[in-house]
Structures are given as C-alpha cells and as structure tokens.
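In the working numbering, the protein residues as written are 41 to 356. The beta carbon of each residue, even a glycine, is placed where N, CA and C say it ideally should be. This one's a predicted model, so the numbers in the text were calculated from it and none came from an experiment. Comments concern the structure below.
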C-alpha cells in the first residue's frame with residue numbers, strides 16, 4: 041500500500057524582529073523567500089516561507105515574526121533542533137561562513153554516520169547542518185552562497201520528549217514511519233530513511249517543559265500527497281483517539297493539526313497546490329499575498345505590518 045505520509049512538509053517557528061528574520065534565512069544561510077503572507081490565525085503578523093527555488097515540500101522553513109517577542113526556552117514537548125541537509129564536503133565552508141557573521145558554531149559532530157554542526161539563529165532557534173551524500177535534491181542560492189554548498193532542504197528534526205513510547209507508537213503505527221535505530225540515547229525514525237523525512241527523539245531527563253516564544257518551533261508538518269490522502273490520515277488518527285482539527289485551507293496546502301502524546305503540535309499538510317498559484321516562479325516572495333477573505337482588509341493589514349526587504353547583497 042502506498043504510504044499516506046512521506047516525510048516532513050514544513051517546520052514553523054516563532055521569531056522576533058521580521059527584518060532580522062529575513063536577513064538571517066535569506067542572507068546568511070541562503071534560503072529563498074518564497075512567500076510573504078500573514079498568519080491566518082493572527083492576521084496582524086507576517087508569515088514568511090523560506091525554501092528552495094519553488095518552496096517544494098520538505099524544504100520550507102516558515103516563521104511567525106512577532107516584533108518584541110521575548111525569547112523562548114528549549115525543553116520537553118518541543119522540536120528543539122531543525123536540521124538542514126548540505127552536500128558532503130561543505131561543513132568547512134559553513135563553519136567559516138557562520139563565524140564570519142559572528143555566529144558561534146559547535147565542533148563537528150558525528151551522528152548515525154553523518155557529520156554535522158549545530159548553531160542558533162538570532163532568536164536562539166536551534167539549527168543543524170548535516171553533511172551527507174544521500175540527498176539528490178538540487179540546492180538553491182541567491183548567489184552569495186555557492187550552489188555546490190547550498191542547503192538542499194530539511195534533513196530532519198529533533199523532538200525533545202519526556203518519554204518516547206506513545207510517540208513512537210503514533211509514528212510507526214499510524215504515520216508510516218519506521219524505527220531506524222538508536223545512538224547515544226537518540227532514537228531515529230524515517231519513512232524512507234533519507235534526508236527530508238528523519239525524525240529523532242531525544243529523552244529529556246529533566247522533564248522541564250519548553251517555553252514557546254521567539255526562537256522556538258511552533259509546529260512540525262508532515263507531507264501527504266493530496267486532499268484525499270489527508271482525509272484518510274485524519275480518519276486513522278481520529279479512530280485511534282487523537283483529537284484532530286477539521287481541514288484548514290492554508291492557500292498553498294490544506295492542513296490538519298493535533299498534539300502528539302509528548303505535547304508537540306503536529307500538522308499533516310498536502311503537497312498540493314504549492315506556492316506558484318498566486319505568483320510565478322521568477323517573482324515568488326516579492327509581494328504580500330493574502331487569502332481571499334483578507335483582501336477587503338488589505339490596506340489596514342499592510343499598515344499594521346512593518347515593511348521588510350531582501351538584503352542578500354550585504355551577505356556575500
């Protein structure tokens with residue numbers, strides 16, 4: 041049977057200053073700003089989408105920037121590190137680039153046979169770059185990051201939990217994930233076991249809950265092909281006791297949401313229709329795009345949003 045869930049669709053974080061957010065993810069690490077819109081559930085706040093050339097599922101890191109938001113804290117019940125995939129041999133390039141912009145970087149770490157580095161963005165958002173030769177996706181760059189070193193999309197995500205058993209059951213019995221292995225207290229799961237679908241669980245022995253605000257992940261979204269497969273996922277989850285929302289229209293995909301047993305907010309989002317439905321490929325992310333229901337209030341909404349711009353030329 042064809043799997044209903046095929047990996048990570050996107051990961052969404054809470055941020056602080058909106059311009060600093062764009063500068064970091066486009067200028068420093070070289071993702072494309074593929075969409076500027078609003079938080080559909082809090083229309084006075086931007087929703088930025090960063091990804092590859094087209095914002096393909098599995099590449100898109102999104103943010104809700106709340107100006108003046110305090111910094112959150114990492115803890116149990118959260119995605120604490122978002123891992124991006126880079127080509128083998130690119131770690132030294134990224135170490136030097138990050139240090140150039142004053143970003144502290146960990147020593148080179150080894151995990152399940154791959155080397156990686158760990159650092160934080162301007163809001164203390166946890167990020168990893170994992171060098172590997174299993175990723176056949178094409179990277180993208182504005183030009184300031186050489187394409188041979190550019191980020192290809194997600195590698196995976198780390199769930200920080202008090203216990204793994206019920207979450208493992210959810211992933212492996214109801215979400216098409218399989219157990220891959222354990223290394224140094226880190227439990228790994230994947231759909232095909234390749235970059236873009238990896239989920240790691242680390243047990244937080246302190247048990248302290250994280251505090252969600254700037255620099256923390258709001259939710260992680262998993263991929264499903266279309267509306268029909270999404271309804272099947274919804275049915276399976278509800279039948280097994282999960283409190284799942286109705287289908288929500290997010291313009292570029294539709295979504296359902298629920299809390300996994302450890303407290304992390306999970307989303308299941310469709311691959312269709314994508315980010316080119318209201319902007320062509322060459323001009324993605326240039327204008328503020330609004331859903332139809334928000335268009336009558338465009339003038340008021342734009343007045344409430346701080347103007348932002350791309351500054352990639354400053355980050356050679």
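Taking the Cα positions, residue 217 is about 5 Å away from residue 230. Boundaries for residue 205: no beta strand (DSSP E) harbours it, while the alpha helix (DSSP H) harbouring it runs 205-209, taken from the DSSP string. With contacts defined as CB atoms closer than 8 Å, residue 57 and residue 125 fail to qualify as a contacting pair.
Taken atom to atom, the span from the alpha-carbon of residue 139 to that of residue 278 is near 47 Å. Rounded to whole angstroms, the Cβ separation of residue 262 and residue 51 is 10 Å, and the two are not in contact under 8 Å.
Burial of residue 200 is indicated by the presence of at least 16 other C-beta atoms within 10 angstroms of its C-beta. For residue 269 and residue 290, the gap between their C-alpha atoms comes out near 17 Å. The beta carbon of residue 135 sits closer than 7 Å to those of 145, 157, all from its chain and outside the five residues before and after it, given in chain order. Here the segment 192-206 lies against the segment 238-250, with 3 or more beta-carbon pairs under 8 Å apart. A Cβ-Cβ distance of about 13 Å is found for the pair residue 309 and residue 194, leaving them out of contact under the 8 Å criterion. If you look at residue 274, you'll find it in the alpha helix (DSSP H) that goes 267-279. Residue 328 and residue 110 have their C-alpha atoms roughly 26 Å apart. Excluding sequence positions up to five before and after residue 351, its CB lies within less than 6 Å of the CB of 63, 67, all in the same chain and listed in chain order. The distance from the Cβ of residue 228 to that of residue 152 is about 6 Å, consistent with a contact at the 8 Å cut-off. Within the segment 271-339, not a single complete alpha helix (DSSP H) segment reaches 4 residues in length. Shown here, residue 119 sits in a strand according to DSSP, grouped into three states. Short of 8 Å from the beta carbon of residue 83, and not among the five residues preceding or following it, lie these beta carbons of its own chain, in chain order: 334, 337, 341.
In chain order, 67, 68, 184 place their CB closer than 6 Å to the CB of residue 355, counting only its own chain and leaving out the 5 sequence neighbours on each side.
Taking C-beta separations shorter than 8 Å and ignoring five residues to either side along the sequence, the partners of residue 45 in its chain run 215, 216, 217, 231, 262, 263, 264, 273, 308, following chain order.
Here residue 251 carries a strand assignment [DSSP, helix/strand/coil]. Under the Cβ criterion (8 Å, minimum of three pairs), the segment 317-325 counts as touching the segment 85-102.
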